[in-house]
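Novice: In the working numbering, the protein residues as written are 51 to 193. To start, I am sharing the structure in question, which I have written as structure tokens.
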């Protein structure tokens, strides 16, 4: 199957990650390389992490982790394999300068700093309209 990026086909995106609706926090894979991925996600009113119109910090963390899962899933897709299940192993740091609201479009870039034996150390930056709203560094683990 030929796939062009960016791709916001929800069926395709959901095949790349282990999470299923209503727990999907990514809506687009925009760019991919061996050490980097960019995802997109629009905050909807019915999202599990929305409270009084605001997407909570826990939702931002999950969105960032799913961006990493999107990277792994797309890599496996290119290899013709099924996406593995992964987990947040540790959150080294997380800073949120602002919380997005319903209707905001998140653009998140994850950069792979180190990957060894199924453990990936990533640096993640989330923006709205080119303004950084959150940064983190986390380790994810592939089952």
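Backbone N, C-alpha and C define an ideal beta-carbon position, used for all residues, glycine too.
Please classify residue 99: does DSSP put it in a helix, a strand, or coil?
Specialist: If DSSP states are grouped into helix, strand and coil, residue 99 belongs with coil.
Novice: Within 10 angstroms of the Cβ of residue 190, are there 16 or more other Cβ atoms? Answer buried if so, exposed if not.
Specialist: Counting Cβ neighbours within 10 Å, residue 190 comes out buried, since at least 16 surround it.
Novice: Quick check on residue 77: does DSSP put it in helix, strand or coil?
Specialist: Here residue 77 sits in coil by DSSP.
Novice: Which class does residue 131 belong to by DSSP, given the choice of helix, strand or coil?
Specialist: Three-state result, residue 131: coil.
Novice: Would you call the region 81-90 and the region 112-132 in contact, with 3 or more CB pairs under 8 Å?
Specialist: Flag = yes, the region 81-90 and the region 112-132 touch.
Novice: Could you compute how far the alpha carbon of residue 139 sits from the alpha carbon of residue 188?
Specialist: Spanning the two alpha carbons is a distance of roughly 7 Å.
Novice: Alpha carbons only, please: which of 107, 156, 127 is nearest the one belonging to residue 145?
Specialist: Cα-wise, what sits closest to residue 145 is 107.
Novice: So what does residue 124 bridge to, in DSSP terms?
Specialist: DSSP lists no partner for residue 124.
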